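Peer 1: Handing you a structure now.
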Amino acid sequence: GEDVEQSLFLSVREGDSSVINCTYTDSSSTYLYWYKQEPGAGLQLLTYIFSNMDMKQDQRLTVLLNKKDKHLSLRIADTQTGDSAIYFCAESRSSASKIIFGSGTRLSIRP
Amino acid sequence: NAGVTQTPKFRVLKTGQSMTLLCAQDMNHEYMYWYRQDPGMGLRLIHYSVGEGTTAKGEVPDGYNVSRLKKQNFLLGLESAAPSQTSVYFCASSYGTSGRAYEQYFGPGTRLTVT
């Protein structure tokens, strides 16, 4: 079946890099996403990567995909207090099919 | 544009009561979704709709019904609420046939408590 797993918590010092990891089981996954949820709000699409890519960079965000190991990571450079949120890894088989979400990683920033 | 709005924001129900959650979007999206979010379990899809007049079951549909009579609205009903339905409910919408269903826009959520 389809499953997406990620660790529940991550704490980093302000200014350091944050790396949030995710593994998935569906070998048919074509689209992989990172969503961000700030306190009291809904989820917001942060970035995504297609399964035929290894890496995608967008300003402070770097997404790495190891398709062989079914491992996805999100790196946030120069982590700021505004990055405190829950980050959800997600996958889908196509651009029009349902999305399977992980349970979310709560990122906290310490001074 | 308001994006995706949900009403109400909070609600407390007694076991056995019924209620309807309303979701509205003003982005002309084809697809709409209802999720529930429980601690440590991420988001689970309850029901979804790929167009006006159509609905389909998601991962956890039992105890819920939905309707999509108008393209911009997606209603989630609980006919007889149970404590296990205590959760935060999120509505989302996305483009569908244009191939961007992955870019879902979420509402702010409804926190429901069933006692």
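Protein chains in written order, with the numbering used here: chain A, 63 to 173; chain B, 27 to 141.
The beta-carbon is built from N, C-alpha and C at its ideal position, and this holds for glycine as well.
None of these values were measured; they are calculated from a predicted model.
1. Contact criterion: CB-CB distance below 7 Å. Does L101 of chain B meet it with respect to chain A?
2. Please state the DSSP three-state secondary structure of Q43 of chain B.
3. Who are the neighbours of L47 of chain B on chain A, taking C-beta pairs under 9 Å?
4. Select from the region 91-120 of chain A all residues with a C-beta closer than 9 Å to any C-beta belonging to chain B, and list them in chain order.
5. Hey, could you find the ends of the beta strand (DSSP E) L71 of chain B is sitting in?
6. Would you check if the region 106-115 of chain B and the region 40-55 of chain B touch, i.e. whether three or more CB-CB distances between them fall below 8 Å?
7. Name, going along the chain, the residues of the region 53-72 of chain B whose beta-carbon falls closer than 7 Å to a beta-carbon of chain A.
8. Out of A:R168, A:K160, A:K130, A:Y149, state which residue places its alpha-carbon closest to the alpha-carbon of D116 of chain A.
9. Comparing alpha-carbon positions, which option in A:Q99, A:W96, A:R122 lies nearest Q142 of chain A?
10. Chain A partners of F116 of chain B, CB-CB under 8 Å?
11. Any idea if V81 of chain A is buried or exposed, counting beta-carbon neighbours within 10 angstroms, 16 or more meaning buried?
12. E100 of chain A: buried (16+ other C-beta within 10 angstroms of its C-beta) or exposed?
13. Suppose you measure from the CA of M144 of chain A to the CA of I171 of chain A; what does that come to, to the nearest Å?
Peer 2: Taking the structure as given:
1. Interface with chain A (7 Å Cβ-Cβ cutoff): L101 of chain B is excluded.
2. If DSSP states are grouped into helix, strand and coil, Q43 of chain B belongs with coil.
3. Correct list: empty, because the minimum Cβ distance to chain A is about 14 Å.
4. Within the region 91-120 of chain A, the qualifying residues are Y93, Y95, Y97, Q99, G102, A103, G104, L105, Q106, L107, Y110.
5. Looking at the DSSP string, the run of the beta strand (DSSP E) that includes L71 of chain B is 68-77.
6. Touching, yes.
7. If you check each beta-carbon in the region 53-72 of chain B against every beta-carbon of chain A, the ones closer than 7 Å belong to G66, M67, G68, L69, L71.
8. The candidate whose alpha carbon is nearest that of D116 of chain A is A:K130.
9. Measuring C-alpha to C-alpha distances from Q142 of chain A to each of A:Q99, A:W96, A:R122 identifies A:R122 as the nearest.
10. Going along chain A in sequence order, the residues near F116 of chain B (Cβ under 8 Å) are G104, L105.
11. So V81 of chain A ends up on the exposed side.
12. By the neighbour-count rule (16 or more Cβ atoms within 10 Å), E100 of chain A is not buried but exposed.
13. Reading the sequence as shown, one finds Gly at residue 144 of chain A and not Met. Whole-angstrom Cα-Cα distance: 9 Å.
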